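Protein chains in written order, with this note's numbering: chain A, 47 to 390; chain B, 178 to 590.
All C-beta atoms, glycine included, are put in the ideal place defined by N, C-alpha and C.
These numbers come from a predicted model, not from an experiment.
Report on the following structure.
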Amino acid sequence: MKSTRIAVFKILRFLTLASFCLGATAFADEYGEVSQLLKANKFPEAMARVEGALKSKPADPQLRFLKGVILRNQGRQTEAITIFTRLTEDYPELPEPYNNLAVLYAGQGQYDKARAALEMAIRTNPSYATAHENIGDVYARLASQAYNKALQLDNNNAAVPPKLALIKEVFKPNLNNPKPGTSTPAATTPVATPAPEPVVKPVPSVTVPVTKPATPVAPPATKPVPVPAATHHAKDVEDAVMNWAKAWSTKNMPGYLKAYSAKFDPPNNQSRKAWEKDRRERIIGKSRISVTITDLTVSVNGDNAVAKFRQAYKADTLSVSSRKTLNLVKVGNQWQITRESTGS
Amino acid sequence: MRLKFILTYVVVFFSAAVGLGEAVAKTPVRKSTPTTRSTPPPKAQDVLAEVRLIDIYRLIGKGNTSAALAAADALVNDHPTFALAQLVRGDLLLARTRGVAKFGDIPAAQLAGSEATLDELRTESLVRLKALRERPPAGAIPSEFLQLSPRVKHAIAVDASHSRLYLFSNSAAGLTLVGDYYISVGKLGVNKVREGDLRTPLGVYFITSQLDPKSLKDFYGAGALPINYPNVLDLQRGKTGSGIWLHGTPPGQFSRPPKASDGCVVLANPDLQHIIRTVAIRTTPVVISKQLKWVAPALTQALRDQFQARLSAWVQTKSGGSLTSLTTFYAPNFSNNGKTLTDWLPTLQRELKQASGRSIEVKDVSLLHWLDAEETMVVTLAELIQGQRTGLTKRQYWSRRSGQWTIFYEGVI
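See the structure below:
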């Protein structure tokens, strides 16, 4: 008897979700508004809207999902975990709650739980790309922990860092990448529409140029081919590049951020502030970083310069060598970065 | 990419493990001996960690990395400080993100400064596999165990070249191998000569006592079984040092590298606990050899007969009551606690007087044969004067010089 009822509930839920898919109005608006508030980082307001909507629809998965996202953005990890855990219980067929649960666990350093949740996400939807990406990070971190135990090293050193990066990436695809599968399209769509931006925004994928040389952010736009006008300037530019790499290696955040001009346009339409926050998390989070510059060539044209080099980046378990180009501008007697691109 | 990982991994390390298959499964790695009442039946968690590790190797060898990872997860859950298991688990996890080219493919940045530790883990893995591949022939026993009295219930043999301790049960039917365990020896290997040389002694020893882990530093783990190094032969050769124990591992280390101790024999705590529960203090012999020579008991019959004839002659002569005749059985370099042969003769004289014409007999004879540059027989026996119910348990060290066995130590234990 009971099982029948549960089955009916499931069908109902599915139908409810499906109705959103068809572009249902009232709630779609609700999501849209919450999404806007989230985008504007107005978390209390977003929360108020969600709470209000939940009063009439306490079981609504999208609202609960959004509430989880808001809670996480407010740093209320435990409550967010509760929300997503319940969602996985109520909707075991949806990978997204598993995924976000994993992100929260990873953020707490509970990689085993994160792994289990991501494995569930993949089990529910084998083609869920976000979970695959995330689980790769989690496996790497677990491997690192296992190796530390094997080498009888203090595990705490390396354990802290890249959780945050993980979290944010998760939300983005979670909301952005609707599953191709047909089993739960309804759930993805409504969630995907309202929530993606706010989460993405603070977490731009600025790492791409840094850690994944294979993905050039943008081809280094054709630079004004310089004339060997001022060789003494070239030396200054070289110094600026080396200082930038040194600040990065030593995790000297003020020095690192100062290397970037106010004109520097952060990738992915991020605000300068969001970009700085992201860089801080990604750099401070690493237990050790080494950035080595080789084959540095500099061309100067007036107050503009282009530095091209090979960058060997090592951080924790990652080791990447890539071509990089920095565009610099002279401000006062300082050369500052206006553009950073990977690839030759 | 993953397939490549598996192949490389297997070729280098695990082909042996794969072939090992049934042999390992059947190896009586730990059986509760029916004679030992105190040994509880093995618990699920008690399945030897090493057996589980080898099982993971085998799964990797078969290309079943998912099952291998699940098994590795379970193993480190039960034994979080089993470094080798963590290493393999690290590889299995990493293999899900990129190719793993070698056993212990730790990223360079993480490995920096710990290369030696990784080498030790690789050596530990190899030597464990070696011990499981090169099994003692069925029914064979270490040649040192020439004869063991049925009153001696267990015997231990350590093979340094295989980092292995073999545990035997003994009965009237002879010795049976009941378990074998990975061990560590001295940092500088074996053949201890002097104090502080970081080597494990080679020879025939006995467990002298049992130390309560509560009285020990955590470093020694689940307890300790001291052995009688330096023994009489060692002392005669001027060897120094003391405090050679079989002991456990510190809380943070399930097992230690093959060469890790200051001279002790180190076992994983569960293994040591099993041995402590099993063996008797004082009577259990411990042979420590660079490489054990495994022989069928029948092959040592000639030596056994030959030595027993000599021992019988000693018994008869002692029964005959002539000190002059008896003295011919004792070596010129005889020594007991600083007493020379001349010092010892009054003791012999007194014993003969006590017997006062009655013949003596010996019982419960154990013969341990040690062969290095010299040939030594360590004899334990009960000596009774005819008509008496109780006698003395004695230990004698005989050496064979110019073809003749003579006693260079004798004492009551």
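I think residue i touches residue j, with their Cβ atoms under 8 angstroms apart; what is that distance to the nearest whole Å?
i, j, result
"G351 (chain B)", "P474 (chain B)", "6 angstroms"
"L264 (chain B)", "Y193 (chain A)", "7 angstroms"
"G498 (chain B)", "L529 (chain B)", "5 angstroms"
"L197 (chain A)", "A177 (chain A)", "Contact flag wrong, Cβ pair sits at about 30 angstroms."
"T300 (chain B)", "Q430 (chain B)", "Their Cβ separation, rounded to whole angstroms, is 15 angstroms, which puts T300 (chain B) and Q430 (chain B) out of contact at 8 angstroms."
"A457 (chain B)", "K330 (chain B)", "6 angstroms"
Taking just the CA atoms, how far does residue j sit from residue i?
i, j, result
"P172 (chain A)", "P138 (chain A)", "14 angstroms"
"E538 (chain B)", "T557 (chain B)", "13 angstroms"
"A260 (chain A)", "S368 (chain A)", "For A260 (chain A), the pLDDT reaches just 34, beneath the cut-off of 50, and the residue's location in the model is therefore unreliable, leaving the point undetermined."
"R577 (chain B)", "L342 (chain B)", "28 angstroms"
"W381 (chain A)", "K113 (chain A)", "45 angstroms"
"D439 (chain B)", "P428 (chain B)", "18 angstroms"
"I181 (chain A)", "R187 (chain A)", "10 angstroms"
"V409 (chain B)", "Y586 (chain B)", "7 angstroms"
"A247 (chain B)", "G267 (chain B)", "12 angstroms"
"R385 (chain A)", "K323 (chain A)", "18 angstroms"
"A349 (chain B)", "S533 (chain B)", "34 angstroms"
"D200 (chain A)", "N254 (chain B)", "18 angstroms"
"Q531 (chain B)", "Q450 (chain B)", "44 angstroms"
"T583 (chain B)", "W575 (chain B)", "5 angstroms"
"V492 (chain B)", "F506 (chain B)", "10 angstroms"
"E125 (chain A)", "R169 (chain A)", "25 angstroms"
"A358 (chain A)", "D341 (chain A)", "11 angstroms"
"E327 (chain A)", "K319 (chain A)", "12 angstroms"
"V464 (chain B)", "E227 (chain B)", "23 angstroms"
"F396 (chain B)", "V304 (chain B)", "23 angstroms"
"A291 (chain A)", "K332 (chain A)", "15 angstroms"
"L500 (chain B)", "R527 (chain B)", "10 angstroms"
"K360 (chain A)", "A286 (chain B)", "7 angstroms"
"T216 (chain B)", "P447 (chain B)", "Confidence at T216 (chain B) is low in this model, with a pLDDT of 35, below 50, so its placement is unreliable and the value that follows should be read with caution. Between T216 (chain B) and P447 (chain B), the C-alpha separation is close to 12 angstroms."
"L164 (chain B)", "L372 (chain A)", "Since the first residue shown for chain B is 178 and the last is 590, residue 164 (chain B) is missing from the structure and cannot be characterised."
"K370 (chain A)", "P434 (chain B)", "44 angstroms"
Check this for me: beta carbons of residue i and residue j, under 8 angstroms apart or not?
i, j, result
"P319 (chain B)", "A308 (chain B)", "no"
"S432 (chain B)", "A337 (chain B)", "no"
"K416 (chain B)", "V370 (chain B)", "yes"
"Y293 (chain A)", "A308 (chain A)", "Looking at the sequence itself, residue 293 (chain A) is Ala, so the reference to Tyr does not match. Not closer than 8 angstroms, so no."
"L150 (chain A)", "I127 (chain A)", "yes"
"E321 (chain B)", "V381 (chain B)", "yes"
"I335 (chain A)", "K297 (chain A)", "yes"
"A148 (chain A)", "A167 (chain A)", "yes"
"A399 (chain B)", "W422 (chain B)", "no"
"R481 (chain B)", "L544 (chain B)", "yes"
"L109 (chain A)", "A99 (chain A)", "yes"
"L133 (chain A)", "P104 (chain A)", "no"
"I360 (chain B)", "T461 (chain B)", "no"
"G366 (chain B)", "K436 (chain B)", "yes"
"S600 (chain B)", "P403 (chain B)", "The structure shown does not extend to residue 600 (chain B), since chain B is modelled only from 178 to 590, so the question has no answer here."
Which term fits residue i, buried or exposed, when burial requires 16 or more other beta carbons within 10 angstroms of its beta carbon?
i, result
"I590 (chain B)", "exposed"
"T455 (chain B)", "buried"
"S345 (chain A)", "buried"
"G378 (chain A)", "exposed"
"K195 (chain A)", "buried"
"A289 (chain B)", "exposed"
"N347 (chain B)", "buried"
"P313 (chain B)", "buried"
"N405 (chain B)", "buried"
"R566 (chain B)", "exposed"
"L210 (chain A)", "Confidence at L210 (chain A) is low in this model, with a pLDDT of 28, below 50, so its placement is unreliable and no value can be given for it."
"L476 (chain B)", "exposed"
"S387 (chain A)", "buried"
"L548 (chain B)", "exposed"
"I383 (chain A)", "buried"
In chain order, what residues of the region 344 to 362 of chain A put their CB closer than 8 angstroms to some CB of chain B?
If the cut-off is 8 angstroms between Cβ atoms, the region 344 to 362 of chain A has K360, A361 and D362 near chain B.
Would you list, in chain order, the members of the region 421 to 436 of chain B that have their beta-carbon closer than 8 angstroms to a beta-carbon of chain A?
Per Cβ criterion, the list reads G429 and Q430.
Would you list, in chain order, the members of the region 165 to 198 of chain A that have their beta-carbon closer than 7 angstroms to a beta-carbon of chain B?
Answer set for the region 165 to 198 of chain A: G182, Y185, A186, L188, A189, S190, A192, Y193, K195, A196, L197 and Q198.
For the region 309 to 338 of chain A, list every residue whose C-beta sits within 7 angstroms of some C-beta in chain B, in sequence order.
Correct list: R334.
Relative to chain A, which residues along the region 292 to 308 of chain B have a C-beta separation below 9 angstroms, given in chain order?
The region 292 to 308 of chain B vs chain A, Cβ under 9 angstroms: T294, L295 and L298.
Mind checking the region 264 to 293 of chain B against chain A and listing, in chain order, the residues whose C-beta falls within less than 7 angstroms of any C-beta there?
Flagged, chain order: L264, R266, G267, L270, L271, R273, T274, I283, P284, A285, A286, Q287 and S291.
At a Cβ cut of 9 angstroms, what residues of the region 230 to 258 of chain B count as close to chain A, listed as they run along the chain?
Of all residues in the region 230 to 258 of chain B, A249, D250, V253, P257 and T258 have a Cβ within less than 9 angstroms of some Cβ in chain A.
Quick one: which residues of the region 550 to 569 of chain B get their C-beta closer than 9 angstroms to a C-beta of chain A? List them in chain order.
Residues: none.
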